[in-house]
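J.:
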Amino acid sequence: MSIAFDRRRMLGLLALGPLAAPGALARPLDQVLSTRRLRAGINPTLPPFGTFNERNQIDGFDADIAREIARRMNVELEIVQVGSPDRIPFLQADRIDIVLGAITRTVERALVIDYTQPLHTQSVVVLTKASGTAAPIAAPADLNNPAVRLVQVRGTVGVPWIQANAPRAQVTLLDNYPDTFRALAQGRADAMVDVLESIVVPLRNFQGTPWKVLDQVLASTWVGIGVQKGNYGLRDVLNVILFELHRTGFVEQAWEKWFGEKMKTPVPVNPMF
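FYI, the numbering for the sequence shown is -5 to 267, going by this note's numbering.
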């Protein structure tokens, strides 16, 4: 009876295919140290978090952070290119040891990976112009005006915020950021609501436009470094290193180097983690 049950159970698991297989075991800290190699997943399509430099190598804020972490661990850094859809699967499959790339801390992700303490934040803000808008925009509340023309990329964080806080505004949804910025620059729209860190670099392509970011932060998210679920040894070391990088100002210096300004919502230096 038990044999028949085991066979049925095995056949059921085989029918489920790869989804039923457990994830590959993460390399423990002692293996990272013994091989002297830390594999960091970085997305080069999220400038300035990740970008390709003139030598076609992955560079950016995340690369600077990963290089400093490896230096302090006395290991070599191997940067592995990842994208937004595959970065967590790469971690689960043990193709990388850590993952960066603006990986916002959420409950859904925390169920499948472990996070370090925050590396940086992301801030949702209002982007408008100092002049040329259909109505004056000095505060987020000014967006709730039938004369205000908002433009947004479909599916971004600004859309639900506008639905809840500026339902009277005119809203145009576009498919990508370049078209959105072009609409603002050409005077076909007055403002947008988005993550500040996502718009810093694209704005540089429209130097002649009098851009203005309102001071008020509508929402802030916390971004840590991801490690495979249960890889506590590596996570604990990363937390100590991140504390030192924040305490010594390394993170802020790297941020200003790549973003050209201070972090909108600073990460407090906290020894408790």
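Glycine included, C-beta positions come from ideal geometry on N, C-alpha and C.
Go ahead and label GLN210 buried or exposed: buried means 16 or more other beta carbons lie within 10 angstroms of its beta carbon, across all protein chains shown.
T.: For the purposes of this step, residue 210 is taken as the residue at position 216 of the sequence shown. Result: exposed.
J.: Work out the CA separation of ALA141 and GLY35 for me, nearest whole Å.
T.: For the purposes of this step, residue 35 is taken as residue 41 along the sequence shown, with counting starting at 1. For the purposes of this step, residue 141 is taken as residue 147 along the sequence shown, with counting starting at 1. Between GLY35 and ALA141, the alpha-carbon positions lie close to 45 Å from each other.
J.: Would TYR109 be called buried (16 or more neighbouring beta carbons within 10 Å of its own) or exposed?
T.: What you label residue 109 is simply residue 115 of the sequence shown in a count that begins at 1. It counts as buried.
J.: Based on Cα-Cα distance, which residue from ARG229, LEU144, ALA87 lies nearest to ALA160?
T.: Here residue 160 refers to the residue found at position 166 of the sequence shown. Checking every option, the nearest Cα to that of ALA160 belongs to LEU144.
J.: Verify whether the separation of the beta carbon atoms of LEU113 and VAL217 is less than 9 Å.
T.: Mapped onto the sequence shown, residue 113 falls at position 119. Mapped onto the sequence shown, residue 217 falls at position 223. Closer than 9 Å, so yes.
J.: Please tell me whether LEU232 and ILE219 are closer than 9 Å, where the distance is taken between their beta carbons.
T.: As a working note, residue 232 is residue 238 in the sequence shown. As a working note, residue 219 is residue 225 in the sequence shown. It is a contact, given that the beta carbons lie within the stated cut-off.
J.: Please list, in chain order, all residues of the same chain as THR273 whose beta carbon is under 6 Å from its beta carbon, the five residues on each side excluded.
T.: Because the chain spans -5 through 267 in this model, residue 273 falls outside it and cannot be assessed.
J.: Would you check whether the ligand PLP has a heavy atom nearer than 8 Å to the C-beta of GLY227?
T.: Of ligands this structure carries none, so the ligand PLP is not represented either.
J.: Please state the DSSP three-state secondary structure of VAL261.
T.: Within the sequence shown, the letter at position 267 stands for residue 261. It is coil, neither helix nor strand.
J.: Going by C-alpha to C-alpha distance, which of GLN25, LEU167, ARG162 sits closest to GLU70?
T.: Your numbering for residue 70 matches position 76 in the sequence shown. For the residues GLN25, LEU167, ARG162, the minimum Cα distance to GLU70 belongs to GLN25.
J.: Checking 9 Å against the spacing of the C-beta atoms, do VAL76 and ILE90 come in under that value?
T.: Residue 76 sits at position 82 when you count from the first residue of the sequence shown. Residue 90 sits at position 96 when you count from the first residue of the sequence shown. Yes, they are a contact pair.
J.: Quick check on this structure: which residue in ASN37, PRO41, ALA18 has the alpha carbon closest to the alpha carbon of GLY276?
T.: Since the first residue of the chain shown is -5 and the last is 267, residue 276 is not available in this structure.
J.: If you check the beta carbons only, do LEU228 and ALA20 fall under 9 Å apart?
T.: Taking the first residue of the sequence shown as position 1, residue 228 is located at position 234. Taking the first residue of the sequence shown as position 1, residue 20 is located at position 26. Their beta carbons are under 9 Å apart, which means LEU228 touches ALA20 by this criterion.
J.: In its own chain, which residues sit with a C-beta less than 7 Å from the C-beta of ALA248, not counting the 5 before and 5 after it?
T.: Taking the sequence shown and counting its residues from 1, one reaches residue 248 at position 254. Around ALA248: PHE55, ASP58, ILE59.
J.: In this structure, how does DSSP classify GLY202 when only helix, strand and coil are distinguished?
T.: Taking the sequence shown and counting its residues from 1, the one referred to as residue 202 is at position 208. DSSP places GLY202 in coil when its eight states are reduced to three.
J.: Which residues does DSSP list as the beta-bridge partners of SER117?
T.: What you label residue 117 is simply residue 123 of the sequence shown in a count that begins at 1. Paired residue(s): SER214.
J.: Residues in the same chain with beta-carbon distance under 7 Å from ILE52, minus the five sequence neighbours each way, listed in chain order, please.
T.: Against the sequence shown, residue 52 aligns to sequence position 58. These residues qualify, in order along the chain: ILE36, PRO38, GLY44, PHE46, ILE73, GLN75.
J.: Going by DSSP, name the residue or residues bridged to GLU250.
T.: Against the sequence shown, residue 250 aligns to sequence position 256. Beta-bridge pairing links GLU250 to no other residue.
J.: Does chain D have any CB closer than 9 Å to the CB of GLN146?
T.: Within the model displayed, chain D is absent; a lone protein chain is all it includes.
J.: State the Cα-Cα distance for the pair LEU212 and LEU121, rounded to the nearest angstrom.
T.: Your numbering for residue 212 matches position 218 in the sequence shown. Your numbering for residue 121 matches position 127 in the sequence shown. Cα-Cα distance, rounded: 12 Å.
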